[in-house]
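Down below is the structure, laid out as structure tokens.
4 protein chains.
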Amino acid sequence: MGSRLAFIGAGKMGGRMSRRLLAAGHRLVVHDTDRQLVEALVAEGALAAGSPAEAARDAELVILSLPTPAIVEAVIAGEDGVLQTAQPGTTVIDMSTADPGTAQRVEAACRAAGVNFLDAPVSRGVAGAEQGTLLIMVGGDAEVLEAARPVLSVLGSEIIHVGGPGSGQVAKLCNNMLAAINMQALGEVLVTGVKAGVDLRVLAGVLTAGTGGSWVLSNHLPATVFAGDEGTRFALELMHKDVWLFMRSAEEQGLSTPLAATAAQTLRMAKGEGYGPRDYSAIINYFERLAGMRLLPNKVAEEA
Amino acid sequence: MGSRLAFIGAGKMGGRMSRRLLAAGHRLVVHDTDRQLVEALVAEGALAAGSPAEAARDAELVILSLPTPAIVEAVIAGEDGVLQTAQPGTTVIDMSTADPGTAQRVEAACRAAGVNFLDAPVSRGVAGAEQGTLLIMVGGDAEVLEAARPVLSVLGSEIIHVGGPGSGQVAKLCNNMLAAINMQALGEVLVTGVKAGVDLRVLAGVLTAGTGGSWVLSNHLPATVFAGDEGTRFALELMHKDVWLFMRSAEEQGLSTPLAATAAQTLRMAKGEGYGPRDYSAIINYFERLAGMRLLPNKVAEEA
Amino acid sequence: MGSRLAFIGAGKMGGRMSRRLLAAGHRLVVHDTDRQLVEALVAEGALAAGSPAEAARDAELVILSLPTPAIVEAVIAGEDGVLQTAQPGTTVIDMSTADPGTAQRVEAACRAAGVNFLDAPVSRGVAGAEQGTLLIMVGGDAEVLEAARPVLSVLGSEIIHVGGPGSGQVAKLCNNMLAAINMQALGEVLVTGVKAGVDLRVLAGVLTAGTGGSWVLSNHLPATVFAGDEGTRFALELMHKDVWLFMRSAEEQGLSTPLAATAAQTLRMAKGEGYGPRDYSAIINYFERLAGMRLLPNKVAEEA
Amino acid sequence: MGSRLAFIGAGKMGGRMSRRLLAAGHRLVVHDTDRQLVEALVAEGALAAGSPAEAARDAELVILSLPTPAIVEAVIAGEDGVLQTAQPGTTVIDMSTADPGTAQRVEAACRAAGVNFLDAPVSRGVAGAEQGTLLIMVGGDAEVLEAARPVLSVLGSEIIHVGGPGSGQVAKLCNNMLAAINMQALGEVLVTGVKAGVDLRVLAGVLTAGTGGSWVLSNHLPATVFAGDEGTRFALELMHKDVWLFMRSAEEQGLSTPLAATAAQTLRMAKGEGYGPRDYSAIINYFERLAGMRLLPNKVAEEA
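Residue numbers (our numbering), protein chains in the order written: chain S, 419 to 722; chain H, 419 to 722; chain U, 419 to 722; chain Y, 419 to 722.
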């Protein structure tokens with residue numbers, strides 16, 4: 419006997435989160451502009467809604483997982499948007515990645531309508547969404563978060579209250595900026611070490627054990643580049659987008675970020691060379707190409 | 419009843435390693451140009467030698483921990499150097515950080531004299547040296563390493579055979595390049611996040627749990643910048659040196675490393691502003707200064 | 419028997435331009451929020467107006483020279499702004515530096531009121547304003563420009579029609595981005611050459627004659643850094659502002675600009691170190707400081 | 419009745435310089451490892467020599483124009499080298515581009531043999547060599563230069579004594595570093611301006627007249643990129659080599675050069691993408707490609 423929930427956005431992330439909520443016994447109304455994605459969830463017990471407004475009509479909690487800040491803003495405050503029907507006291511949780519400014523504007527619009535708003539972007543990707551082990555970074559009122567925590571706990575294993583409105587997004591952009599830099603650094607360093615004659619797996623082992631270690635090296639690469647698996651977990655063009663949202667934020671605050679700027683430029687160059695749709699670890703393949711070499715001998719790559 | 423060992427270099431790292439070897443029951447002859455450092459070890463049971471040649475005379479194993487590649491080369495192959503007295507079959511282990519080219523030249527000189535050589539630079543700093551938990555990256559012959567492993571196990575908890583001569587140094591430079599980039603990235607990102615209104619400790623917690631996590635963030639910063647502790651564990655000017663050795667190596671191989679280049683330039687700028695003698699985490703203080711802000715409110719800094 | 423002109427903004431640039439227009443026999447109504455600046459011009463024959471609206475009431479041509487895009491927008495379209503009183507057929511010429519987007523928005527607002535608008539930012543600074551030798555880069559309708567050309571010819575010796583609305587600003591930002599890069603490049607290269615033992619004046623002479631020559635080297639430096647003259651012609655913080663407007667424009671178009679990004683970051687670092695109010699050639703002094711040296715021996719600096 | 423000269427290196431530059439010296443009436447002995455190049459000059463009146471030593475045997479002046487510092491060193495000081503036969507009092511002039519260190523080593527070797535040495539690298543490329551309008555940057559003794567000036571005047575219209583041994587090379591590297599930066603800056607800025615809707619020729623005109631102007635913009639681009647002419651005047655891979663010699667020099671002096679570092683990295687990336695053999699203005703085509711656009715509409719390119 420769970421809560422009455424609305425979920426808007428049934429893509430890679432939203433679809434998986436919706437399934438977990440259904441499996442946990444919640445009543446779920448789902449909306450997406452792609453009818454096929456909605457019908458797949460209806461087959462598993464969800465109800466379909468024709469618009470965000472319709473989805474939000476009787477919901478206690480409205481959750482969003484959408485591709486861009488502009489869409490988030492339209493889905494909440496636009497025509498046929500959530501605020502057309504949401505009752506005072508409803509809570510809207512945006513689990514998309516957006517810039518802090520958008521989060522603050524949307525929060526103000528909700529507040530004016532008596533609706534609670536939390537920005538709650540996530541980390542750990544598709545696997546985390548599937549297994550309910552997302553890291554959820556929450557900006558907004560602490561009491562509102564406590565009330566929503568039972569539902570969020572179905573989706574994430576780590577739920578951190580970062581601060582006021584927009585601060586969840588700040589933390590998310592900071593995290594992704596670091597991940598992008600760490601990944602590119604590994605591309606440059608692994609190519610240099612392997613070109614100097616060191617075996618990739620041995621080098622990766624040393625670096626994992628050393629002071630140069632990182633989550634990206636220990637967790638992302640063994641399942642992607644090191645395994646010769648080119649499947650996209652988090653697309654380079656999405657990382658590119660987040661990195662430039664970070665840059666915008668740093669710029670507006672007048673801050674010097676030379677390393678972040680270089681990473682942002684390099685991601686854009688890789689995108690210009692066609693790496694956009696690939697996993698963001700493909701920045702490593704970009705440096706392989708520039709060096710005219712392969713980190714993994716072909717045979718190993720084939721075995722994988 | 420340990421081996422007859424010679425240890426050349428009794429500084430921050432070498433002194434601590436020597437003490438561990440003495441405590442483990444080895445007979446140790448020590449040399450350093452600074453007599454006081456030698457005498458401190460003599461008080462704990464070591465024998466003093468007036469030159470590298472004298473130290474190496476009857477040693478089965480000669481270990482070096484020295485500040486620069488040029489000194490390593492002189493101590494081994496120079497006048498009054500190790501090779502003047504070392505018997506064929508002796509093993510020389512250089513635990514200093516040097517460039518791969520120097521390691522290969524020195525190895526060739528040793529080989530010509532029938533002496534074994536391993537390049538074996540370390541990670542995890544002074545604390546690792548004190549507790550015998552160093553990460554040791556070894557380049558050279560695998561059998562020579564196996565023979566020396568019992569002694570090295572007194573100094574390090576992780577001993578990795580990276581490959582042929584010089585490859586220990588390659589791995590070390592790769593590791594330090596990554597650590598330097600990760601540290602600067604944290605400086606830029608933490609300043610940006612805190613300036614946007616997020617609490618430093620909360621932000622650090624999120625990033626540690628997220629895909630942007632790194633060894634530097636989890637292990638180095640909590641004991642230094644986050645604690646308001648400005649003690650130098652590994653000086654920025656030493657990191658600067660290693661980073662430029664990495665850059666030289668990448669340059670000679672004709673590789674593109676835009677992120678590493680930016681980090682190398684920024685470290686040099688920080689050095690130009692006087693941060694050289696401070697811990698390399700002071701790059702974070704450099705970005706605080708450029709932003710005209712402090713990550714920790716004063717009160718917290720005072721408490722720490 | 420000149421035209422009836424309004425001039426809004428009586429600062430360093432606007433004041434000098436107003437004086438030239440008065441000297442050429444035009445009837446000039448002047449407005450500035452700083453009454454003293456206005457009164458100085460009244461003493462030379464101008465009429466004072468209490469607001470932009472009042473200034474524009476009977477003008478055929480309204481010229482603006484203002485510090486920021488936001489002020490330009492308010493002066494034209496805001497309360498008591500130019501559009502409150504300007505008659506259809508009037509022409510507004512904005513000689514401030516702004517982003518192309520602002521120029522296009524303002525142009526649309528003017529057009530809706532039947533008012534012509536030209537964006538017409540300038541190059542060659544205070545000296546050009548004083549001598550009427552400005553380079554004027556004009557965006558907007560070609561016929562409107564032709565009608566205004568007699569007046570603009572009093573101010574500039576080179577008046578170029580760049581293209582449609584906003585394109586004057588595009589050209590201006592491109593120009594200043596180049597000038598900023600050329601200047602920083604000179605800082606890095608001159609310090610490197612002089613540190614290697616070459617005399618500054620000889621080196622500058624060679625570079626001026628060579629393929630590395632630039633306007634900045636031939637015209638700006640001889641009157642500033644090479645002469646030991648630290649007077650501010652164009653402040654580093656203004657160059658910083660223009661460079662970031664350029665970066666914003668490149669970013670929005672999805673373009674890779676690694677060199678421009680590095681220059682933008684370095685200018686920001688120099689600003690963080692306090693160089694903002696100085697002439698933008700002070701980026702050279704910043705590199706002198708980082709290198710711990712002076713390009714000019716003290717004696718020469720004193721003589722200058 | 420000219421001097422007895424030896425010329426070693428009959429490539430693009432050396433061949434053209436030799437022709438001018440022959441035309442001016444000098445007796446010229448020529449050597450190159452490529453016999454065909456030598457024979458072409460013999461057909462115009464030169465004598466052939468089988469080795470540098472043979473060429474230098476009776477020469478008063480030995481001029482070199484060679485591709486790398488290593489070859490310069492071998493040709494002068496190696497087996498069958500110039501110093502095997504050169505009489506005391508002979509003057510050797512190296513017009514190749516090399517690093518200052520090589521120039522100083524070679525000068526010392528010459529001095530020990532009683533032979534004068536000038537490093538005299540040139541600017542203004544193939545056209546300058548053909549027309550005798552090279553800029554010649556000379557390091558070494560002023561009196562030696564004065565004695566050689568009549569011959570050098572046949573080759574260059576501007577001959578500058580920069581300072582002591584090696585300083586000609588310092589000036590040359592500084593010049594080329596600037597030219598490389600100016601060129602890349604133009605690539606980034608022109609692409610940004612044209613993408614924003616400004617016509618290339620108009621934009622280039624404005625920038626040429628403005629404070630962002632440079633030799634590269636006024637002289638190199640009109641004959642290459644703007645004309646759709648892809649002929650190689652100075653190959654990108656040669657510029658790449660010079661830029662990294664500059665970087666090495668700055669590194670060894672401990673200097674911060676963030677902009678030069680970025681340009682060096684970008685040139686290397688362009689080289690990695692196959693632009694090495696093209697004219698160095700192809701860095702502009704590289705940015706076109708990254709942006710997915712062309713500066714010149716096809717039709718204009720065809721006309722050109």
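Even for Gly, the Cβ is constructed at its ideal location relative to N, Cα and C. Fair warning: this is a prediction, and the values are worked out from it, not measured in the lab.
DSSP lists L482/H and D537/H as the beta-bridge partner residues of D512/H.
In terms of beta-carbon proximity, P518/Y lines the interface with chain U, with at least one pair separated by less than 8 Å. DSSP places L654/Y in the helix class (H, G or I) of the three-state scheme. Identification of residues in the region 651-672 of chain Y having a C-beta nearer than 9 Å to some C-beta of chain U yields F652, F664, S667, A668, Q671 and G672, given in sequence order.
Of the other Cβ atoms in all chains shown, fewer than 16 fall within 10 Å of the Cβ of T451/H; this residue is therefore exposed. Closest in C-alpha terms to P583/U, from the list P518/U, L573/U, L625/U and R567/U, comes P518/U.
For I599/S, a Cβ of chain H is located within less than 8 Å of the residue's own Cβ. In the displayed model, R445/S falls within a strand according to three-state DSSP.
The CB of G605/S never comes closer than 8 Å to any CB in chain U; the least such distance is about 16 Å. When the Cα atoms are used, E462/S and E706/H turn out to be separated by approximately 52 Å. Looking at the backbone, the Cα of P715/Y and that of W662/Y are separated by about 34 Å. Secondary structure at F425/H: strand, using DSSP grouped into helix, strand and coil. Judged by their CB atoms, A428/H and S436/H are nearer to each other than the 8 Å cut-off.
Within 9 Å of the CB of A589/H, the CB atoms of chain S belong to G611, V616, V620, L621, V624, L625 and G628, in sequence order along the chain. Put simply, the backbone Cα of E491/S is about 11 Å away from that of S514/S. Contact annotation: the region 502-512 of chain H touches the region 523-534 of chain H, with at least three C-beta pairs closer than 8 Å. For P487/Y, there are no C-beta contacts with chain H under 8 Å, since the nearest C-beta of that chain is about 15 Å from it. Considering only V510/U, N703/U, G649/U and V562/U, the residue with the shortest C-alpha distance to A473/U is V510/U. A distance of 8 Å or more separates the beta carbons of W633/H and G605/S. Around the beta carbon of M687/S, a 10 Å sphere encloses 16 or more other beta carbons of the protein chains shown; the residue is thus reported as buried.
Assigned with DSSP and collapsed to three states, L596/H falls in helix. Under the 8 Å criterion on CB atoms, M687/S is classed as interfacial with respect to chain Y. Under DSSP, no beta-bridge partner is assigned to D450/S. Residue environment analysis places P676/U among the buried positions, since at least 16 neighbouring C-beta atoms fall within 10 angstroms of its C-beta. I578/U is bridged by DSSP to M555/U. For G546/Y, the enclosing alpha helix (DSSP H) covers residues G543 to Q549. For T629/U, no alpha helix (DSSP H) run applies, since DSSP gives it neither H nor E.
Flagged as an interface residue toward chain Y: G690/H, by a C-beta distance shorter than 8 Å. Within the region 522-546 of chain H, the residues whose Cβ lies closer than 9 Å to any Cβ of chain S are, in chain order, S541, R542 and G543. Apart from the 5 residues on each side of it in sequence, C592/S has no Cβ closer than 6 Å to any other Cβ in its chain. Contact note: A700/H does not reach chain Y at a C-beta cutoff of 8 Å; the least C-beta distance is about 17 Å.
As the crow flies, the alpha-carbon of D498/Y is around 44 Å from that of V556/H. Q602/Y and V609/Y have their alpha carbons spaced roughly 11 Å apart. If you draw a straight line from the Cα of Q683/H to the Cα of L625/H, it is about 26 Å long. In its chain, beyond the 5 residues on either side, R445, D476, A477 and E478 have a beta carbon closer than 7 Å to the beta carbon of R422/U. Shown here, A614/Y sits in coil according to DSSP, grouped into three states, outside any helix or strand.
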